[in-house]
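The listed protein sequences correspond, in order, to chains U and A. Each residue of the first sequence is one higher than the one before, starting from 306 at the first, in our numbering. Each residue of the second sequence is one higher than the one before, starting from 50 at the first, in our numbering. The beta carbon of each residue, even a glycine, is placed where N, CA and C say it ideally should be.
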Amino acid sequence: MTTLVPVTYKGGIYRHDEVMDLIDDLGGYVVQKHVMAQDVVLQSFVPRDDIDLIRKVARPLGGEVIEAPLVGTEIAVVSPSLEIHHLPHSACDVAEYLRRAGAKTNMIGLARGFGKRIANLNDEERDIINEHDLAVYILGNFEECIEKKFPALRRGIHVPIVLTGAPDRETLERIIDPPVEGYVGGAGRIMHRFKRPEELAKLDELVEEVSRTLDARRDDLARDPLSIFPPRLMAILEEQIYEITLLTHPTPATAQMEGLRVKLPYDLYADDLRALEIADGIALGDIADILPSRMRNYILIRIKPFSETGILV
Amino acid sequence: MPSLKQLVVESPEEVGRRAYERIAADVLQDLDLVKVIEHLYIYVDPKVPIFIAAGKLRHMPRAIRVGDFANVNIGEKMIVLDIADETYLAPMLQKLWARYGKENVDQPDRFTVVLPVGVAGEEELELMMVADPSETLHMDVIYALQYLAPEGFKVRRQYIKDERFYYVASEDTLPGDIVETMVAPIFERMGMTL
């Protein structure tokens with residue numbers, strides 16, 4: 306079986322459809338396509354052995370293929386509020402940098418996440434964060450505050466968390482109990498853009514920390530694979546459900562590590578999705594849970610593992 | 050060019066103190082207040098919790114009058130205001146309309162405003178106050194301090210008058226004598242009295 310690896314293709318819009326066709330022909334998947342003026346960025350999964358072939362085809366078009374560890378993941382960037390104190394720096398800088406590594410990031414500004422004693426997380430915020438593959442918490446400058454408020458902000462969160470703050474990594478590890486999956490120290494509340502080499506190094510460290518955490522989850526998934534690879538399901542849905550192509554969202558269907566978020570109204574489409582035949586005699590409802598998302602009225606598809614369904618599509 | 054003479058940040062946590070030094074410098078620069086604030090002293094202790102910023106402003110720019118940016122020429126039938134700098138043209142028109150009525154204020158072109166003779170004297174017009182930059186400046190300084198303070202510190206007491214200002218904020222109720230016990234000593238260290 307060929308291994309699909311996450312890559313980003315960057316190139317001009319001219320003849321980029323040839324690259325898309327090539328990825329398709331090689332058995333890969335394009336999970337996100339961004340067209341910005343003359344440029345196009347494709348976040349995709351391609352067979353490891355064929356990366357050189359794609360490079361060769363892309364060379365005359367001026368395109369480049371970069372390994373992007375976070376393609377196919379949806380990450381929540383959680384900041385204590387959406388006030389000027391946290392935006393645009395550092396929360397947006399972090400979200401933007403993770404996007405460059407291929408992730409689909411959603412920024413979540415908590416309603417009452419600020420303060421040491423008064424910090425809170427409501428049920429809607431909790432559920433939305435739990436719909437992601439991983440949450441990055443962007444906290445501030447004081448050890449005392451992070452120690453006191455973090456238990457409130459993580460209550461009920463069961464996805465992996467990567468925590469950033471101004472105290473160094475060792476301090477963060479010491480004050481957080483029980484431990485979270487990743488830490489990046491030395492990156493607290495700042496009022497300027499991350500642009501110095503040492504600041505950019507922090508962002509690289511964050512990407513590394515996030516991909517390390519997600520790799521651990523990928524290893525678990527390799528031991529008990531999902532009934533269908535999410536980008537594959539995404540391709541099937543886009544082909545079978547015409548309405549998805551009509552949506553104006555940048556990512557009408559968002560690939561996650563263990564499922565998909567489909568931006569169609571749950572009430573109208575959930576039953577159709579459950580009944581949708583994705584392979585011979587197999588309905589989507591047999592291999593996945595079709596759930597209402599807390600994000601607007603979207604649909605969340607959680608794919609069940611092979612051990613549960615005994616089906617591998 | 051005058052710039053910030055002194056910026057002191059004190060905190061029991063060294064990491065936070067250094068971060069706040071950078072934040073303060075960035076905020077003052079972003080809001081263009083480096084030339085306005087002479088001294089800024091910040092004390093922040095998240096354990097209490099308390100945030101205090103105190104400092105001194107430079108001499109405020111004085112009030113802007115019509116004579117500062119326009120020539121007042123009194124002719125036989127008309128008073129002609131010859132505008133040299135458009136910055137305060139809009140507030141001046143507002144003031145003129147309010148005082149002499151729209152029918153008496155005419156603006157034939159961008160740099161000329163005309164009034165009929167007799168509605169006002171030369172001195173009256175020249176000394177007419179158009180804008181007071183210190184009004185918005187005070188608001189800008191308070192905004193900067195709000196921006197600077199930790200976001201959760203919502204309970205606050207602020208003061209700005211003449212050249213002195215302070216801003217005290219906390220997450221909990223502030224003690225009634227906080228200004229005497231914590232802010233006044235800071236002003237003493239800067240060689241000023243509150």
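Open item on the list: Among the candidates U:463, U:614, U:587, U:561, whose CA atom is the shortest distance from the CA of residue 604 of chain U?
Closed with: As a position in the first sequence, residue 604 of chain U is number 299, starting the count at 1. The option with the nearest alpha carbon to residue 604 of chain U is U:561.
Open item on the list: My output table needs one value for residue 212 of chain A: the three-state DSSP class, helix, strand or coil.
Closed with: Position 163 of the second sequence, counting from 1, holds the residue named residue 212 of chain A. Correct three-state label for residue 212 of chain A: coil.
Open item on the list: Does chain A have any CB closer than 8 Å to the CB of residue 456 of chain U?
Closed with: Taking the first residue of the first sequence as 1, we reach residue 456 of chain U at position 151. No, no contact with chain A.
Task: Distance between residue 81 of chain A and residue 364 of chain U (C-alpha atoms, nearest Å) - done: Taking the first residue of the first sequence as position 1, residue 364 of chain U is located at position 59. Taking the first residue of the second sequence as position 1, residue 81 of chain A is located at position 32. Each residue's Cα considered, the two are about 48 Å apart.
- [ ] Rounded to whole angstroms, what's the CA-CA distance from residue 423 of chain U to residue 465 of chain U? Just pull it up for me.
- [x] Residue mapping note: residue 423 of chain U aligns to position 118 of the first sequence, counting from 1. Residue mapping note: residue 465 of chain U aligns to position 160 of the first sequence, counting from 1. Rounded to whole angstroms, residue 423 of chain U to residue 465 of chain U spans 24 Å at the Cα level.
- [ ] Would you list, in sequence order, the uninterrupted alpha helix (DSSP H) runs of no fewer than 4 residues that lie entirely inside the segment 80 to 123 of chain A?
- [x] 115 to 118
TODO: Grab me the residues of residue 485 of chain U's own chain with a C-beta within less than 6 Å of its C-beta, minus the 5 sequence neighbours each way, in chain order.
DONE: The residue given as residue 485 of chain U occupies position 180 in the first sequence. Setting aside the 5 residues that flank it on each side, residue 485 of chain U is surrounded in the same chain by 466, 468, each with a C-beta closer than 6 Å to its C-beta; the list follows chain order.
TODO: May I ask you to list, following chain order, the residues of the segment 407 to 428 of chain U that have a beta carbon less than 8 Å from some beta carbon of chain A?
DONE: 419, 420, 421, 422, 423, 424
- [ ] Taking C-beta pairs closer than 9 Å, name the residues in chain U that residue 68 of chain A reaches, listed in chain order.
- [x] As a position in the second sequence, residue 68 of chain A is number 19, starting the count at 1. By Cβ distance, chain U contributes 445, 446, 447, 471, 493, 494, 495.
TODO: Would you grab the beta carbon distance between residue 598 of chain U and residue 566 of chain U for me? Rounded to a whole angstrom, and I think it's under 8 Å.
DONE: What you label residue 598 of chain U is simply residue 293 of the first sequence in a count that begins at 1. What you label residue 566 of chain U is simply residue 261 of the first sequence in a count that begins at 1. Sure, about 6 Å apart at Cβ, within 8 Å.
Open item on the list: When you compare the segment 98 to 116 of chain A with the segment 199 to 217 of chain A, are there three or more beta-carbon pairs, one atom per stretch, that lie closer than 8 Å?
Closed with: yes
Open item on the list: Excluding the 5 residues flanking residue 348 of chain U on each side, which residues of the same chain have their C-beta closer than 6 Å to its C-beta?
Closed with: Here residue 348 of chain U refers to the residue found at position 43 of the first sequence. 313, 336, 337, 376, 407, listed in sequence order.
TODO: Leaving out five residues on either side along the sequence, give the residues of the same chain with a beta carbon under 6 Å from the beta carbon of residue 288 of chain U.
DONE: Shown here, chain U extends from 306 to 618; a query on residue 288 of chain U therefore has no answer.
Open item on the list: Against residue 389 of chain U, what residues of chain A qualify as contacts under a CB-to-CB distance less than 8 Å, listed in chain order?
Closed with: Working through the first sequence from its first residue, we reach residue 389 of chain U at position 84. Chain A residues near residue 389 of chain U: 196.
Open item on the list: Could you check whether residue 368 of chain U and residue 285 of chain U sit closer than 8 Å to each other, using their CB atoms as the reference points?
Closed with: Here chain U covers residues 306 to 618 and nothing more, so residue 285 of chain U does not appear.
Open item on the list: For residue 63 of chain A and residue 387 of chain U, what's the separation of their Cα atoms in angstroms?
Closed with: Taking the first residue of the second sequence as position 1, residue 63 of chain A is located at position 14. Taking the first residue of the first sequence as position 1, residue 387 of chain U is located at position 82. Whole-angstrom Cα-Cα distance: 27 Å.
Open item on the list: Any beta carbon of chain U sitting closer than 8 Å to that of residue 79 of chain A?
Closed with: Residue 79 of chain A sits at position 30 when you count from the first residue of the second sequence. True, the Cβ-Cβ gap to chain U drops below 8 Å.
- [ ] State buried or exposed for residue 361 of chain U, treating a residue as buried only when at least 16 other CB atoms are found within 10 Å of its CB.
- [x] Residue mapping note: residue 361 of chain U aligns to position 56 of the first sequence, counting from 1. Result: exposed.
Task: Own chain partners of residue 554 of chain U with C-beta closer than 7 Å, once the 5 adjacent residues on each side are dropped - done: Start at 1 with the first residue of the first sequence, and residue 554 of chain U comes out as number 249. Closer than 7 Å at the Cβ level, and outside the excluded window around residue 554 of chain U, lie 568.
Task: First through last residue of the alpha helix (DSSP H) which encompasses residue 497 of chain U - done: Within the first sequence, numbered from 1, the residue matching residue 497 of chain U stands at position 192. Element bounds for residue 497 of chain U: n/a, residue is neither H nor E.
Open item on the list: DSSP three-state label for residue 141 of chain A, please.
Closed with: Locating residue 141 of chain A in the second sequence gives position 92, where the first residue counts as 1. Residue 141 of chain A: helix per DSSP, three-state reduction.
- [ ] Taking residue 385 of chain U as the query, report the chain A residues whose CB atoms sit under 7 Å from its CB, ordered along the chain.
- [x] The residue labelled residue 385 of chain U in the question sits at position 80 within the first sequence. Simply 200.
- [ ] Answer with yes or no whether the minimum CB distance from residue 397 of chain U to chain A is below 8 Å.
- [x] Position 92 of the first sequence, counting from 1, holds the residue named residue 397 of chain U. So, not an interface residue.
- [ ] Tell me whether residue 384 of chain U sits in a helix, a strand or coil according to DSSP, three-state version.
- [x] Walking along the first sequence from the start, residue 384 of chain U turns up at place 79. Note: residue 384 of chain U maps to strand in three-state DSSP.
Task: Reduced DSSP secondary structure (H/G/I, E/B, other) of residue 434 of chain U - done: By one-based count along the first sequence, residue 434 of chain U stands at place 129. DSSP places residue 434 of chain U in helix when its eight states are reduced to three.
Task: Beta-carbon neighbours of residue 98 of chain A, restricted to chain U and to distances below 7 Å - done: Here residue 98 of chain A corresponds to residue number 49 of the second sequence, with the count starting at 1. Taking the beta carbon of residue 98 of chain A as reference, the chain U residues within 7 Å of it are 421, listed in sequence order.
Open item on the list: For a test of the three-state rule: what should DSSP assign to residue 372 of chain U, helix, strand or coil?
Closed with: In the first sequence, the residue the question calls residue 372 of chain U occupies position 67. Residue 372 of chain U falls in the strand class under three-state DSSP.
Open item on the list: Is residue 83 of chain A close to chain U? Criterion is C-beta to C-beta, closer than 8 Å.
Closed with: Taking the second sequence and counting its residues from 1, one reaches residue 83 of chain A at position 34. Closer than 8 Å: no.
Task: chain U residues whose Cβ lies nearer than 8 Å to that of residue 75 of chain A - done: Here residue 75 of chain A corresponds to residue number 26 of the second sequence, with the count starting at 1. Residues of chain U passing the Cβ test: 495, 496, 497.
TODO: Kindly identify the DSSP beta-bridge partner or partners of residue 55 of chain A.
DONE: Sequence index remark: in the second sequence, residue 55 of chain A carries index 6 (1-based). Per DSSP, A:88.
Open item on the list: Quick check: the segment 58 to 75 of chain A against the segment 444 to 458 of chain U, are at least 3 beta-carbon pairs closer than 8 Å?
Closed with: yes
Task: Identity of the residues DSSP links to residue 151 of chain A by a beta bridge - done: Position 102 of the second sequence, counted from the first residue, corresponds to residue 151 of chain A. Residue 151 of chain A is not bridged to any residue.
- [ ] At 9 Å on the CB atoms, spell out the chain U contacts of residue 71 of chain A, in chain order.
- [x] In the second sequence, counting from the first residue as 1, residue 71 of chain A sits at position 22. Residues of chain U passing the Cβ test: 495, 496, 497.
Open item on the list: Report the start-end ranges of each alpha helix (DSSP H) in the segment 453 to 541 of chain U that is 4 residues or longer and not cut off at the edges.
Closed with: 474 to 480, 502 to 528
Task: Under 7 Å by beta carbon: chain U residues contacting residue 95 of chain A - done: For this step, residue 95 of chain A is matched to residue 46 along the second sequence. Result: 421, 447, 449, 450.
- [ ] For residue 220 of chain A, return the contacting residues in chain U, with the cut-off set at a CB-CB distance below 7 Å.
- [x] The residue you call residue 220 of chain A lines up with position 171 of the second sequence. Contacts between residue 220 of chain A and chain U, judged by CB atoms closer than 7 Å, involve 420, 421, 422, 423 in chain order.
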